[in-house]
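Here the sequence shown stands for residues 116 to 339, where the numbers follow our numbering. Ideal Cβ positions, reconstructed from N, Cα and C, are used throughout, including at glycine.
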Amino acid sequence: MKRHTRTHALLAPLLAALLAVATTGARAQSITDAAGDFLPTYTGPHNGDVDVLSAFAGYNPGTDTFSFSGTFAGAVGTTPGAFYVWGLDRGAGTERFVAGSPSVGQGVKFDAVVILRPNGTARVTTFLGSVGTGVEIGAGTAMIAANTISGSIAGSLLASTGFAKADYTWNLWPRTGTTNDTISDFAPDRTNAPIAAVPEPASYALMALGLTCVGVARRRVTRV
């Protein structure tokens, strides 16, 4: 019993530290957005599938792949014509919606967009100044699971304009058309979020070190 107590006393702080790392990593992976916070300029239907609850964008340098995911207050596909846009600032992003009518998107900078559609297709458009170049990607790129849409895009389609790919920033907006008044929500609001690492090398390295320490501690206690 005494040996078990000493083992627990040694391992508890290590396990707590590992849990903290895992929790922090999970929080860093996505952003949350308040339910029902439709833009006051939005003129489309206030359905759940155009109301962002959480969103994610990540980059895996090992595979040179970007991953995107958004979860909404209703089942994706409810609103006819709705689609989902991740704007990326690759280094030359600007507030492209501010000059439009109505003016929206203050703080949201991008020089590329990734569109995921409920029919499974996607589109990547990159901008050089005011000129956009688009690439359509076929069905099967976007995946739907109830209230969530997700997809992966090759990093070769999103070349840098100044930032390292791991330092891109992003924002998600659902929309029902091509004018500013068809944008229902920005996530996050009035700013961009940093791209997440997929996987997060620093977290995994720290967790591996912690697990090694746990093993060492177990062996030392066993010898006592």
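Which partner residues of Tyr-283 appear in the DSSP bridge assignment? According to DSSP, which records beta bridges pairwise, Tyr-283 is partnered with nothing at all.
Apply the 10 Å Cβ neighbour rule to Tyr-283 and answer buried if 16 or more other Cβ atoms are within range, or exposed otherwise. By the neighbour-count rule (16 or more Cβ atoms within 10 Å), Tyr-283 is buried.
The beta strand (DSSP E) that contains Asn-175, what's its start and end? Bounds of the beta strand (DSSP E) holding Asn-175 are 167 to 175.
By the DSSP assignment, the beta strand (DSSP E) with Ala-261 in it spans what residues? In the DSSP assignment, Ala-261 falls outside any beta strand (DSSP E) and carries neither an H nor an E.
What residues match up with Leu-154 in a beta bridge as DSSP calls it? For Leu-154, which the question treats as bridged, DSSP gives no partner whatsoever.
Would Phe-278 and Arg-205 be called neighbours here (beta carbons separated by less than 8 Å)? The answer is yes: Cβ separation under 8 Å.
With the cut-off set at 8 Å, would you say Asp-148 and Ser-182 are in Cβ contact? Taking 8 Å as the cut-off, the Cβ atoms of Asp-148 and Ser-182 do not count as close.
Close Cβ partners of Val-239 (< 8 Å) along its chain, the five nearest in sequence each way excluded: Taken in chain order, the residues that qualify are Ala-227, Val-228, Val-229, Ile-230, Gly-249, Val-250, Ile-252, Ile-268, Leu-272, Leu-273.
Mapping the DSSP letters down to three states, classify Gly-208 as helix, strand or coil. Here Gly-208 sits in coil by DSSP.
Below 8 Å, how does it come out for the stretch 180 to 197 and the stretch 212 to 222: are there three or more Cβ pairs, yes or no? Counting C-beta pairs closer than 8 Å gives fewer than three between the stretch 180 to 197 and the stretch 212 to 222, which falls short of the contact rule.
Residues bridged to Leu-272 by DSSP? Here Leu-272 is not bridged, per DSSP, to any residue.
I need the DSSP call for Thr-236, collapsed to helix, strand or coil. Coil.
Alpha-carbon to alpha-carbon, Ala-281 and Gly-247: Annotation: Gly-247 to Ala-281 spans about 23 Å, alpha carbon to alpha carbon.
Residue environment, Arg-305, which counts as buried when at least 16 other CB atoms sit within 10 Å: When all chains shown are included, Arg-305 counts as exposed.
Among Gly-270, Thr-186, Gly-208, Asp-296, whose alpha-carbon lies nearest the alpha-carbon of Pro-176? Of Gly-270, Thr-186, Gly-208, Asp-296, the residue nearest in Cα terms is Gly-270.
Do Ala-172 and Ala-311 come within 8 Å of each other at the CB atom, strictly closer than that value? A contact, by the Cβ cut-off of 8 Å.
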